[in-house]
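Participant: Can you read through this structure? Questions will come right after.
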Amino acid sequence: MRLPFAHSLTLATAIALISTPAFADRSFTDQMGREVVVADKIERSVVLFHQALDVVAQLDATAQVAGVLVDWDKRLSPGFRKITPEFIDIAKPGELRAVNMESLLELDPDLVIIPHFMDAAVIKQLEDANIPTIALAFADLPESQYGKTDPELEDEKAAYTAGVTGAVELLGEIYGKEEQAEKLVAAMAKGRAIADERTAGIPEEDRTRVYLASSETSTRGAGKYTGLIIEQAGGFNVAGELHGNATVTLEQVLAWNPEVIIVEERSVEAYEAITTKAEWAEIDAVKNGKVYLLPEFVRPNGHPAPESLGLGEAYLGSLFYPELYADLDLEAMVQDYYQTFYRIGYARD
Numbered sequence: 086m087r088l089p090f091a092h093s094l095t096l097a098t099a100i101a102l103i104s105t106p107a108f109a110d111r112s113f114t115d116q117m118g119r120e121v122v123v124a125d126k127i128e129r130s131v132v133l134f135h136q137a138l139d140v141v142a143q144l145d146a147t148a149q150v151a152g153v154l155v156d157w158d159k160r161l162s163p164g165f166r167k168i169t170p171e172f173i174d175i176a177k178p179g180e181l182r183a184v185n186m187e188s189l190l191e192l193d194p195d196l197v198i199i200p201h202f203m204d205a206a207v208i209k210q211l212e213d214a215n216i217p218t219i220a221l222a223f224a225d226l227p228e229s230q231y232g233k234t235d236p237e238l239e240d241e242k243a244a245y246t247a248g249v250t251g252a253v254e255l256l257g258e259i260y261g262k263e264e265q266a267e268k269l270v271a272a273m274a275k276g277r278a279i280a281d282e283r284t285a286g287i288p289e290e291d292r293t294r295v296y297l298a299s300s301e302t303s304t305r306g307a308g309k310y311t312g313l314i315i316e317q318a319g320g321f322n323v324a325g326e327l328h329g330n331a332t333v334t335l336e337q338v339l340a341w342n343p344e345v346i347i348v349e350e351r352s353v354e355a356y357e358a359i360t361t362k363a364e365w366a367e368i369d370a371v372k373n374g375k376v377y378l379l380p381e382f383v384r385p386n387g388h389p390a391p392e393s394l395g396l397g398e399a400y401l402g403s404l405f406y407p408e409l410y411a412d413l414d415l416e417a418m419v420q421d422y423y424q425t426f427y428r429i430g431y432a433r434d
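In the working numbering, the protein residues as written are 86 to 434.
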C-alpha cells in the first residue's frame with residue numbers, strides 16, 4: 086500500500102530524527118564580533134592559539150582537543166609540557182597565522198580556535214569549509230583594532246581585564262566547563278585585587294624603573310599587556326615610549342638605566358647575557374643584582390593570561406617592593422593555583 090506523500094514525509098523525518106544524533110547548536114559571539122554557531126558538545130577541537138590552549142588546560146578540557154599549533158610549548162613555556170604531556174604527540178595542523186587545511190580537515194574538527202590576528206584568507210578558508218571558528222583576542226577591542234597585534238587602547242587595564250575574563254568565560258561555555266571557568270575568574274580577581282591594593286596605585290614619580298628583555302636586543306612597548314603588568318606591580322616601563330615588539334640597542338638601554346630588569350622565563354639566553362657580559366655591567370639593575378628570570382606564571386607577554394592576573398602581578402610587585410608583600414605567602418598562593426587549575430604542583434626547574 087502506498088502511503089500518502091505527506092504521511093511518508095513525516096515518517097521519513099521521524100526515522101531520521103531517531104537515527105541521527107540530536108545536537109542543539111549554540112551561537113556565540115567571538116572577540117572579533119563574529120557570530121559563530123557550534124555544536125552542543127565539543128569533542129574534537131583544534132586550538133591554534135597558545136593563550137587559548139593555556140586556558141583550555143586550566144578548564145580541564147584537554148580531552149576535547151584533537152590538534153594544537155606547531156610551537157605550542159615554546160610559546161608557553163618548557164614547563165607546560167609537564168602540565169599537558171598529552172599535547173606532545175598530538176596533531177599539529179597550523180600556526181598562529183597559517184593553517185595546513187589538508188591536515189586540519191583530516192582531523193574532522195567540530196571547532197577551531199584561532200588568534201584574532203590569523204590571516205584573513207585562512208579565516209575565509211575555514212568559513213568556506215563550514216568549520217566553526219572562534220577568534221580570541223584576550224582584549225576587549227574596538228572594531229578598528231580587530232586583527233592588530235599591537236592594538237591602540239584608550240584604557241589598557243579595562244580592555245585587557247575584560248578581554249581575558251571574557252575569553253575564559255567564553256571557553257568555559259563552549260567546552261561545558263562553566264563551573265571551572267567561574268573559579269578561574271574568581272582567582273584572577275583575587276590576585277588582581279592584591280596588586281591593586283599594594284602597588285598599582287604608586288605615583289608615577291615613585292615607581293621602580295623597569296626594563297623587560299624578551300631577548301638580548303628586544304623588548305615590548307605600548308599596545309602589549311607587558312606595560313600593564315609592570316604598572317600593576319608598581320613599576321614604570323622604560324620602553325613604554327615604543328610600540329609593540331621593538332628592537333633596541335644596548336646604548337638605548339644604558340640611557341634608560343633601569344633599576345630592575347625582568348626577563349621572560351623562555352629567554353634564558355638573554356638572562357645569561359645580561360648577567361655575564363661586561364657591556365651590561367654599568368646598568369644599575371645589573372650592578373645591584375636586580376635582574377630577574379621570571380617564573381612561567383608571570384607571563385608579561387603581549388596578551389594577558391589568567392595566571393598573570395591571578396599570580397603574576399602580585400609576584401612581580403613582590404620583586405619591586407618586597408616590603409609591601411612581606412606578609413603574603415606567595416609560595417602557598419602559587420601552589421594552590423597550580424593544584425586547582427593545572428592539577429599539578431609547581432616546581433621551578
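No residue lacks a Cβ here, since even glycine has one placed at the ideal position from N, Cα and C. Everything numeric in this text was worked out from a predicted model, so none of it was measured.
By the 10 Å Cβ neighbour count, where 16 or more other Cβ atoms means buried, how is residue 118 classified, buried or exposed?
Facilitator: Position 33 of the sequence shown, counted from the first residue, corresponds to residue 118. Residue 118 should be labelled exposed.
Participant: Curious, which full-length alpha helix (DSSP H) runs of at least 4 residues does the segment 161-230 contain?
Facilitator: Inside the segment 161-230, DSSP marks whole alpha helix (DSSP H) runs of 4 or more residues at positions 165-168, 186-191 and 205-213, from first to last along the chain.
Participant: Can you tell me the Cα-Cα spacing of residue 280 and residue 143, whole angstroms?
Facilitator: Sequence index remark: in the sequence shown, residue 280 carries index 195 (1-based). Sequence index remark: in the sequence shown, residue 143 carries index 58 (1-based). It is roughly 22 Å from the alpha-carbon of residue 280 to the alpha-carbon of residue 143.
Participant: Residue range of the beta strand (DSSP E) that residue 356 falls in?
Facilitator: Here residue 356 refers to the residue found at position 271 of the sequence shown. Careful: residue 356 lies outside any beta strand (DSSP E), inside the alpha helix (DSSP H) at 353-361.
Participant: Suppose the cutoff is 7 Å on Cβ atoms and the five residues either side in sequence are ignored; what does the same chain contact list for residue 153 look like?
Facilitator: Along the sequence shown, read from residue 1 onward, the residue named residue 153 stands at position 68. Excluding positions up to five away in sequence, the list reads 132, 138, 172, 175 and 177.
Participant: Starting from residue 403, trace the alpha helix (DSSP H) in both directions and tell me its first and last residue.
Facilitator: The residue given as residue 403 occupies position 318 in the sequence shown. For residue 403, the enclosing alpha helix (DSSP H) begins and ends at 398-405.
Participant: So, using beta-carbon positions, are residue 223 and residue 257 closer together than 7 Å?
Facilitator: Working through the sequence shown from its first residue, we reach residue 223 at position 138. Working through the sequence shown from its first residue, we reach residue 257 at position 172. The answer is no: Cβ separation not under 7 Å.
Participant: State whether the segment 313-328 contacts the segment 355-371, with contact taken as three or more CB pairs (one from each stretch) at a distance under 8 Å.
Facilitator: Per the Cβ contact rule, the segment 313-328 is not in contact with the segment 355-371 (fewer than 3 Cβ pairs under 8 Å).
Participant: Pick out the complete beta strand (DSSP E) segments inside the segment 298-378, 3 residues or longer, and give them in chain order.
Facilitator: 303-305, 320-322, 330-332, 345-348 and 376-378
Participant: Please report how far the alpha carbon of residue 231 lies from the alpha carbon of residue 127, in whole angstroms.
Facilitator: What you label residue 231 is simply residue 146 of the sequence shown in a count that begins at 1. What you label residue 127 is simply residue 42 of the sequence shown in a count that begins at 1. Each residue's alpha carbon lies about 26 Å from the other.
Participant: Taking the alpha-carbon positions, what's the residue 225 to residue 201 distance?
Facilitator: Locating residue 225 in the sequence shown gives position 140, where the first residue counts as 1. Locating residue 201 in the sequence shown gives position 116, where the first residue counts as 1. Their backbone Cα atoms lie some 11 Å apart in a straight line.
Participant: For the candidate residues 274, 349 and 265, whose alpha-carbon lies nearest to that of residue 298?
Facilitator: One-based indexing of the sequence shown puts residue 298 at position 213. If we check each option's Cα against that of residue 298, 349 comes out closest.
Participant: How would you call residue 372, buried or exposed, if buried means at least 16 neighbouring beta carbons within 10 angstroms?
Facilitator: Along the sequence shown, read from residue 1 onward, the residue named residue 372 stands at position 287. Classification for residue 372: exposed.
Participant: Please report the residue range of the alpha helix (DSSP H) in which residue 446 lies.
Facilitator: Outside the displayed range of the chain (86 to 434) lies residue 446, so it cannot be described from this structure.
Participant: With distance defined between alpha-carbon atoms, name the residue in 159, 392, 196 and 216 nearest to residue 149.
Facilitator: Taking the sequence shown and counting its residues from 1, the one referred to as residue 149 is at position 64. Ranking 159, 392, 196 and 216 by Cα distance to residue 149 puts 196 first.
Participant: Roughly how many whole angstroms lie between the Cα atoms of residue 362 and residue 120?
Facilitator: Residue mapping note: residue 362 aligns to position 277 of the sequence shown, counting from 1. Residue mapping note: residue 120 aligns to position 35 of the sequence shown, counting from 1. In a straight line, the C-alpha of residue 362 is about 52 Å away from that of residue 120.
Participant: Write down the C-beta distance between residue 245 and residue 389 rounded to the nearest angstrom, noting that I regard them as a contact closer than 8 Å.
Facilitator: Taking the sequence shown and counting its residues from 1, one reaches residue 245 at position 160. Taking the sequence shown and counting its residues from 1, one reaches residue 389 at position 304. Contact flag correct, Cβ pair sits at about 5 Å.
Participant: Alpha carbon to alpha carbon, what distance is there between residue 215 and residue 86?
Facilitator: Taking the first residue of the sequence shown as position 1, residue 86 is located at position 1. Taking the first residue of the sequence shown as position 1, residue 215 is located at position 130. With a pLDDT of only 38 at residue 86, under 50, the local geometry of the prediction cannot be trusted, and the value read off the model is given with reservation. So the alpha carbons of these two residues sit roughly 41 Å apart.
Participant: If residue 332 and residue 302 are in contact, beta carbons under 8 Å, what's the gap, nearest whole angstrom?
Facilitator: Locating residue 332 in the sequence shown gives position 247, counting from the first residue. Locating residue 302 in the sequence shown gives position 217, counting from the first residue. Contact between residue 332 and residue 302 holds, since their C-beta atoms are separated by about 6 Å, short of 8 Å.
Participant: Might you give, ordered along the chain, the residues of its own chain that have their beta carbon closer than 7 Å to the beta carbon of residue 262, omitting 5 neighbours on each side?
Facilitator: Residue mapping note: residue 262 aligns to position 177 of the sequence shown, counting from 1. So the list reads 144, 145 and 146, once near-sequence residues are dropped.
Participant: With a Cβ-Cβ cutoff of 7 Å, do residue 402 and residue 284 count as a contact?
Facilitator: Here residue 402 corresponds to residue number 317 of the sequence shown, with the count starting at 1. Here residue 284 corresponds to residue number 199 of the sequence shown, with the count starting at 1. In this structure, residue 284 lies closer than 7 Å to residue 402 by Cβ.
Participant: For residue 296, which three-state DSSP category applies?
Facilitator: Counting from one through the sequence shown, the residue named residue 296 turns up at place 211. Three-state DSSP puts residue 296 in a strand.
Participant: Give me the Cβ distance between residue 343 and residue 253, rounded to the nearest whole Å; I'm assuming they're in contact under 8 Å.
Facilitator: Counted from its first residue, the sequence shown places residue 343 at position 258. Counted from its first residue, the sequence shown places residue 253 at position 168. Their Cβ separation, rounded to whole angstroms, is 32 Å, which puts residue 343 and residue 253 out of contact at 8 Å.
Participant: Near residue 429, what residues of its chain come up, given a Cβ to Cβ distance below 7 Å and the 5 sequence neighbours on each side ignored?
Facilitator: Translated into positions along the sequence shown, residue 429 becomes position 344. For residue 429, where only same-chain residues beyond five positions count, the Cβ hits under 7 Å are 167, 168 and 423.
Participant: Which same chain residues, not among the five before or five after residue 433, have their C-beta less than 7 Å away from its C-beta?
Facilitator: Position 348 of the sequence shown, counted from the start, is the residue given in the question as residue 433. Same-chain partners within the cutoff: 380.
Participant: I'd like to know whether the C-beta atoms of residue 377 and residue 404 end up nearer to each other than 7 Å.
Facilitator: Your numbering for residue 377 matches position 292 in the sequence shown. Your numbering for residue 404 matches position 319 in the sequence shown. It is a contact, given that the beta carbons lie within the stated cut-off.
Participant: Less than 7 Å separating the beta-carbons of residue 329 and residue 235?
Facilitator: As a working note, residue 329 is residue 244 in the sequence shown. As a working note, residue 235 is residue 150 in the sequence shown. Yes, they are a contact pair.
Participant: Apply the 10 Å Cβ neighbour rule to residue 417 and answer buried if 16 or more other Cβ atoms are within range, or exposed otherwise.
Facilitator: Stepping through the sequence shown from its first residue, residue 417 is reached at position 332. Around the beta carbon of residue 417, fewer than 16 other beta carbons lie within 10 angstroms, which makes this residue exposed.
Participant: List the residues that DSSP assigns as beta-bridge partners of residue 152.
Facilitator: Along the sequence shown, one-based indexing puts residue 152 at 67. In the DSSP output, where bridge partners are listed per residue, residue 152 has 131 and 176.
Participant: Between which two residues does the alpha helix (DSSP H) harbouring residue 246 extend?
Facilitator: As a first step, residue 246 is located in the sequence shown; it is residue number 161 there, counting from the start. Where residue 246 is concerned, the enclosing alpha helix (DSSP H) starts and stops at 241-260.
Participant: From the DSSP output, in three-state form, read off residue 113 for me.
Facilitator: To locate residue 113, count along the sequence shown from 1; it is residue 28. Strand, per DSSP.
Participant: Hey, residue 115 and residue 220: beta-carbon distance below 7 Å or not?
Facilitator: Residue 115 sits at position 30 when you count from the first residue of the sequence shown. Residue 220 sits at position 135 when you count from the first residue of the sequence shown. Contact flag set, yes.
Participant: If I follow the unbroken alpha helix (DSSP H) through residue 282, where does it start and stop?
Facilitator: What you label residue 282 is simply residue 197 of the sequence shown in a count that begins at 1. First-last of the alpha helix (DSSP H) with residue 282: 263-283.
Participant: What's the C-alpha gap between residue 122 and residue 217?
Facilitator: To locate residue 122, count along the sequence shown from 1; it is residue 37. To locate residue 217, count along the sequence shown from 1; it is residue 132. Going by the C-alpha atoms only, they are around 6 Å apart.
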